[in-house]
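Letter by letter, the sequence shown follows residues 34 to 158 in this note's numbering. As structure tokens, the structure follows; a few thoughts come after it.
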Amino acid sequence: NLVAAIFSLFGIYLIDGIVGLGISLWIIYTGFKIFKESYDVLMDKSISTDTQEKVYKLIESNKKIKRVEKFRSTPIGYNYQISFNIYVDGNLTTFESHKIADNLEKEILSKFKEIYLVVIHVNPE
34 NLVAAIFSLF GIYLIDGIVG LGISLWIIYT GFKIFKESYD VLMDKSISTD TQEKVYKLIE
94 SNKKIKRVEK FRSTPIGYNY QISFNIYVDG NLTTFESHKI ADNLEKEILS KFKEIYLVVI
154 HVNPE
């Protein structure tokens with residue numbers, strides 16, 4: 034407003050409209066930028082297929098895990114929480130089977146920075 038008032042003293046009245054248009058465009062740009070950043074979180078977008086495949090390969094590389102089911106991911110801010118069920122030998126003790134899950138969780142968290150939390154449910158096979 035001050036800039037427009039000063040220019041109006043010299044008979045230049047167009048500055049007010051130009052400044053108003055510039056501010057409007059800046060507000061629109063900022064709104065789209067905020068929308069783009071928050072869209073994935075708001076829409077509960079799943080983790081990328083590429084990352085999911087890499088996690089599956091990591092899980093399947095462990096010979097003590099017989100199979101994986103119910104893989105799910107949920108965004109938490111800019112990171113993800115993943116959860117899944119693993120099936121291990123039914124003759125293992127509870128401690129042994131959960132040790133497999135604990136080691137797998139630590140390995141996933143160390144290799145994938147976009148994964149914030151891993152929840153593994155262990156089932157006997």
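We treat Cβ as the ideally placed atom computed from N, Cα and C, and that holds for glycine.
query, result
"Tell me which residue opens and which closes the alpha helix (DSSP H) that lysine 90 is part of.", "82 to 93"
"Beta-carbon within less than 6 Å of glutamate 70's beta-carbon, same chain only, minus the 5 sequence neighbours each way: which residues are those?", "none"
"For glutamate 102, list the residues DSSP reports as bridge partners.", "Asn118"
"Could you pull out every residue in the same chain whose Cβ sits closer than 8 Å to the Cβ of asparagine 34, ignoring the five residues on either side in sequence?", "Asp49"
"Quick check on DSSP: helix, strand or coil for isoleucine 109?", "strand"
"Along the chain, where does the alpha helix (DSSP H) that runs through isoleucine 45 open and close?", "Taken as a continuous stretch (DSSP letters only), isoleucine 45 belongs to no alpha helix (DSSP H), as it is neither H nor E."
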